[in-house]
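Undergrad: Residue numbers for the sequence shown follow the working numbering, beginning at 87 and rising by one.
Cβ coordinates follow ideal geometry from the N, Cα and C atoms, glycine included.
Let me begin by handing over the structure; questions about it come next.
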Amino acid sequence: MIPLESGAVLRSLVAPPPGKFRMTSDSRLDIGSTGRFLAGLNDWVAIESPTSDAAAVNRMVDKVQADYATLGARCERVPGRDGRGDHLIVRSPWGEAGRKGILCLAHLDTVHPIGMLARNPIRTEGRRAYGPGINDMK
C-alpha cells in the first residue's frame, strides 16, 4: 500500500517510475497528476518479478531501462550470475557538473510469486494504492 497525494514536481536525482513523466527546463521531474503518477507506477507493479525467476526479473529490468532511457539517463546492464536476474546501473543526466551526486541502491525483484496479481490485483481504494511490490521499490 502507498498513500496518494496530489501531483507535484520533485527535485531529485532519484525519480519515481519515469514512463509517464517529463523533465522540466530546470532539471526537475514533473510527475503531473496523481493519475499520471499511478499509471507509471502501475506499469512497473504489473510486471511480476520474483527473485528466483531470472527471466521475470529481467522483464522488469527491461522496463526500468527503457523508462529511464526516455529521460536521458545512461543505463548499463550487468548480467546476473548463479541463475539470478541482471543488474542495472542508471546514471542520471541531472544535477550540477563537479558536484557530488546521490547513490541509490534498489532492487527490482519481489518476494511475491508469479500469479500474485490475480490474488492481489493493482487497485486504488480511497487515497491508497495496492499491488504486489507497490510499497517496496516499485
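Given this structure, state the Cα-to-Cα distance separating Ala159 from Gly121, to the nearest angstrom.
TA: Rounded to the nearest angstrom, the two C-alpha atoms are 24 Å apart.
Undergrad: Under three-state DSSP, which class holds Thr210?
TA: In this structure, Thr210 counts as strand in the three-state DSSP scheme.
Undergrad: Once the 5 residues before and after Ala155 are set aside, which same chain residues still bring their CB inside 7 Å of it?
TA: The answer, listed in chain order, is Cys161.
Undergrad: Which of the three DSSP states, helix, strand or coil, is assigned to Leu174?
TA: Leu174 falls in the strand class under three-state DSSP.
Undergrad: Where does Arg145 sit, in a helix, a strand or coil, going by DSSP?
TA: Helix.
Undergrad: Pick from Arg205, Ala142, Met202 and Glu134: whose alpha carbon is nearest that of Arg170?
TA: Taking only the C-alpha atoms, the option nearest Arg170 is Ala142.
Undergrad: Taking the continuous alpha helix (DSSP H) assigned at Arg185, which residues delimit it?
TA: From DSSP, Arg185 is part of no alpha helix (DSSP H); its letter is neither H nor E.
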